Amino acid sequence: MRTVAVIQSLSASSPEGVLLDIAAVTILLCAFACLGSKLFDRYVIYYGAQSIVLSFGAAVVAIHQHDAGLWALAALTFAIKGIGIPYGTRHFLIERFALKRDIALSTGLSTSLIVGAFLTAFAFLVIRAGTVGNAFVAEAVLPISTAVILLGALCMVVRRHTIAQLIGWLIIENGVFLGAIATVATFPFIVEAGVFLDLVAAVLIMIAFVSGLARQLAEASAPELRQLTE
Amino acid sequence: MTVLALIVVLLPLLPAFASALTARARPLGVTAVFAGVATLAVAVALTVHVGGGRRVHGLSGFLYLDPLSGFFLVTIALVVGLASVGSAAYMRAEEQRGELSPLQVRLYFIFFAIFASMMLASFETGNLGLLWVLIEASTLASCVLVGLEGKPVSLEAAWKYIIISSFGVTIALVGTLFLYFAASRLPGSPTEHLTWSYLFAHSGGLSGESLRLAFLLALIGYGTKVGLVPMHTWLPDAHSEAPSPASAMLSAALLNTGMYAIIRFQALTHAELGTHFAARILLVFGFASVIIGALFIVLRGNYKRLFAYSSVEHMGIISIALGFGGVLGLYGALLHTLTHAIGKAVLFLTSGDLVLRYRTRLIDEVSGVLSVTPLTGAVLLLAALAVAGSPPFGLFVSEFTIVRAGLARSSIVLVAALLVLLAIVFVALVGAAAEMALGGSPARPTGEPAYRDRSGRLLAGTPLIAGLVLLLLLGLWIPGGLDRLIMHSIHAIS
């Protein structure tokens, strides 16, 4: 019964609940900011800000549960996703390759923002009240995390650049992580650690692809990679 | 048994360690052959132990083996064994031609080893979270293999592969979270809420709404790895661009790893949601895959892509079999997993010989294989017949079982549709293979022989012959041990 007890104790009106709620809303706003930013460095900075808020949210749940594992994850999220990836992307990829500051978009900014708004509404409609149970903070956070996942996917769709698509995928990860800490915070630590390690490895491999292995890939935008069609 | 289970995961890593000492393809290949064969032997020993319905539990559910895991373990170990021998020959030939640098040879053996090890490990864990971690890790390792050749097209394929697969697998993670959430009302510790055997024993107590979401998300997520339509778009690119032994591993091992996860999730839904819920969805995805697979097989063009679309089609057939359900359906699904794995491993290894000899991947530019290299030509023709489901090979028996399951448990319309699609695939696939194998003399002069020395030819030929013989045996006679293993596997999930 421990899981239920934890979720139920994290009620929407408790101080931790309110803090997590605010964090979730900020994360959603950051996802919109990413979606709406036209300049590359802004896009990356908003992603970093989102990750920092997420690590703050994880810390709130860690305080609530006195969970050392979650503390470690919060610290790792802060260091790697919040600082490391945005810094690395800016200094090693954008500046070294002197990428154009503009992100190539396949859809106009306003159109993608409107689609984003519809996706957010859709997330709230799909995750109906009652999936989680009333009056718990998870009830508010779960639709938000679903919306962040969808917005991340939208970023991947409307961005043409490989690095921008990679960051879209990372926004999706943030959405998943937010949903996880709000609903199932007692996820066994070894699994959470494994998930985190995998994500880091995925990012490293992707960055290796973009930078070392293939300069041409970094300069190409994904639609130019069109030899394999059939 | 715990020790054996660990050995199965560690043995395939030998070539990775060996690559710290040398970057030559020859010693690394020998190590890979040794590791592959030894892994297969240990996997068989382990499977014999669990095959009788016994289970291995350990490390609070993180280590778990039942007959179903044993079945997949032995299937994948067989593919790893065949592909290791194939790799030893293929990489040596590529090295001799100077196509691959020492770094690429080293990278190939390191990531081939990690890839094999992660896949085998995923069958040995009972923890669905750890299963996710291992499957994602196998994606990452195989991505390096896809992009190994470093050409713009292979990098494009690798990029597409990693972005689509990682995204898909992330969805599977959300599914796993929902499953965990669905279990939150059960007694037991948080770790148990992710342990498959615990969840299966208590599957009546899972909350239905979350479970439904969990299954759908897991099916879409792991279905991306399986290559179910419409999540299959990465598959033909990755399969055609990877070095051929790695394509064999992708098609014959990786896809099955995803299917294994889906089977585990499906088993959990039965008690709470009934068998129809999962079955209908699997049938839809299955038929979509067979239809799209058949259409693209007819298109032809590149023979490695052709074989890749044949994998999409066969994964569709397996999900249709899971959708038909019942003992017969599951029997067909599992037998088809094994026979398709062997057949496709042989076919992709053959495609490696063709690539080495003809230096092209286009069907139209390959002809007269039978006269140029009789062994490769004969294997190509026979393996295509086998994969297309012709008797007397194993795939005929498994497809026949699936059709029988459909007649017994589903509508005749579905079965008829399946048979029509299978006939189309048969004509197209065998037609393409016959054109390549028979045909007149090659339109343009072929390059030098694929393998320069006798040992290279022997290494390359062994897995082809071994695979074909196994397929033929399975078509004529299913050994009692295998039959018992499959029956116990079915029992473990129903």
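Top line first, the protein sequences correspond to chains A and B.
Counting from 1, one number per residue, gives the positions in the first sequence under the working numbering.
Counting from 1001, one number per residue, gives the positions in the second sequence under the working numbering.
Note that beta-carbon positions come from the ideal geometry of N, C-alpha and C, so glycine has one too.
What you are looking at is a predicted structure, and each value in this text was computed from that prediction instead of being measured.
field: Where residue 1100 of chain B falls: helix, strand or coil (DSSP)
entry: Coil at residue 1100 of chain B, not helix or strand.
- prompt: Going along the chain, which residues of the segment 1159-1173 of chain B sit with their C-beta nearer than 8 Å to a C-beta in chain A?
  reply: 1159, 1160, 1162, 1163, 1166, 1167, 1170, 1173
task: Would you check if there are 3 or more beta carbon pairs closer than 8 Å linking the segment 1221-1232 of chain B to the segment 1309-1319 of chain B?
output: Yes, since at least three Cβ pairs between the segment 1221-1232 of chain B and the segment 1309-1319 of chain B fall closer than 8 Å, the two stretches touch.
- prompt: Counting only beta-carbon atoms, is residue 67 of chain A nearer than 8 Å to chain B?
  reply: no
task: Output the distance between the C-alpha atoms of residue 1380 of chain B and residue 1433 of chain B, rounded to the nearest integer angstrom.
output: 7 Å
field: Alpha-carbon spacing of residue 1413 of chain B relative to residue 1423 of chain B, whole angstroms
entry: 15 Å
field: Identity of the residue in B/1127, B/1266, B/1427, B/1398 nearest residue 1191 of chain B by Cα
entry: B/1127
field: Among B/1182, B/1196, B/1440, nearest to residue 1205 of chain B - alpha-carbon criterion
entry: From the listed residues B/1182, B/1196, B/1440, the smallest Cα separation to residue 1205 of chain B is found for B/1182.
query: What number of angstroms, rounded off, separates the C-alpha of residue 1398 of chain B from the C-alpha of residue 1345 of chain B?
result: One Cα belongs to residue 1398 of chain B, the other to residue 1345 of chain B, and the distance between them is close to 17 Å.
task: With DSSP as the reference, label residue 1208 of chain B as helix, strand or coil.
output: Residue 1208 of chain B sits in a helix when the DSSP states are folded into three classes.
- prompt: Mind pulling the chain B residues with CB within less than 7 Å of residue 188 of chain A?
  reply: 1129, 1190, 1191, 1194, listed in chain order.
message: So if DSSP puts residue 1064 of chain B in a beta bridge, which residue, or which two residues, is it bridged to?
response: B/1057
Cross-chain neighbours of residue 173 of chain A in chain B, by beta carbon under 7 Å: 1170
message: Considering Cα atoms alone, identify which of B/1332, B/1303, B/1179 is closest to residue 1358 of chain B.
response: B/1303
field: Option nearest residue 1258 of chain B by Cα separation, candidates B/1006, B/1231, B/1046
entry: Here the closest residue by C-alpha is B/1231.
Residue span of the alpha helix (DSSP H) that contains residue 1319 of chain B, given as start and end: 1303-1324
field: Of the listed residues A/72, A/55, A/45, nearest to residue 194 of chain A (C-alpha basis)
entry: A/72
Minimum Cβ-Cβ distance from residue 1313 of chain B to chain A less than 8 Å: Interface annotation, residue 1313 of chain B: not in contact with chain A, CB-CB separation never under 8 Å.
Residue 159 of chain A - DSSP class collapsed to helix/strand/coil: strand
Short-range partners of chain A found in the segment 1408-1433 of chain B, where Cβ spacing is below 8 Å: Within the segment 1408-1433 of chain B, no residue has a Cβ that lies closer than 8 Å to any Cβ of chain A.
message: Which residues of the segment 1216-1242 of chain B have a Cβ closer than 9 Å to any Cβ of chain A? Give them in chain order.
response: 1236, 1237, 1240, 1241
task: Look at the alpha carbon of residue 1011 of chain B and the alpha carbon of residue 1355 of chain B, and state the distance between them as a whole number of angstroms.
output: Spanning the two alpha carbons is a distance of roughly 30 Å.
message: Suppose you measure from the CA of residue 1489 of chain B to the CA of residue 1333 of chain B; what does that come to, to the nearest Å?
response: 11 Å
Runs of alpha helix (DSSP H) wholly within the segment 1398-1454 of chain B (minimum 4 residues, chain order): You should have 1412-1437.
- request: Give me the Cα-Cα distance between residue 1428 of chain B and residue 1135 of chain B, rounded to the nearest whole angstrom.
  value: Going by the C-alpha atoms only, they are around 33 Å apart.
Cβ shell of residue 1077 of chain B (< 6 Å), same chain only, five flanking positions each side left out: So the qualifying residues of the chain are 1039, 1040, 1043.
message: Can you check which of these residues, B/1285, B/1045, B/1080, B/1089, is closest to residue 1026 of chain B by C-alpha distance?
response: B/1089
message: Relative to the C-alpha of residue 1060 of chain B, which candidate in B/1130, B/1471, B/1467 has its C-alpha closest?
response: If we check each option's Cα against that of residue 1060 of chain B, B/1130 comes out closest.
field: Enclosing alpha helix (DSSP H) for residue 1259 of chain B [first to last residue]
entry: Element bounds for residue 1259 of chain B: 1255-1299.
At least three beta-carbon pairs within less than 8 Å, the segment 1245-1256 of chain B to the segment 1110-1122 of chain B: yes
- prompt: In angstroms, rounded to a whole number, what distance separates the CA positions of residue 1175 of chain B and residue 79 of chain A?
  reply: Their Cα atoms are separated by approximately 27 Å.
query: Between residue 1014 of chain B and the rest of its own chain, which residues show a CB-CB distance below 6 Å, the 5 nearest in sequence each way excluded?
result: 1031, 1035
message: Using a Cβ distance threshold of 8 Å, determine whether the segment 1205-1221 of chain B contacts the segment 1160-1175 of chain B, with at least three qualifying pairs required.
response: Judged by Cβ distances under 8 Å, the segment 1205-1221 of chain B makes contact with the segment 1160-1175 of chain B, as three or more pairs qualify.
query: For residue 40 of chain A, which residues in chain B fall below 9 Å Cβ to Cβ?
result: None at all; the shortest Cβ gap to chain B is about 18 Å.
- request: Measuring alpha carbon to alpha carbon, tell me which of A/165, A/155, A/181 ends up nearest residue 109 of chain A.
  value: A/155
message: For a test of the three-state rule: what should DSSP assign to residue 1195 of chain B, helix, strand or coil?
response: strand
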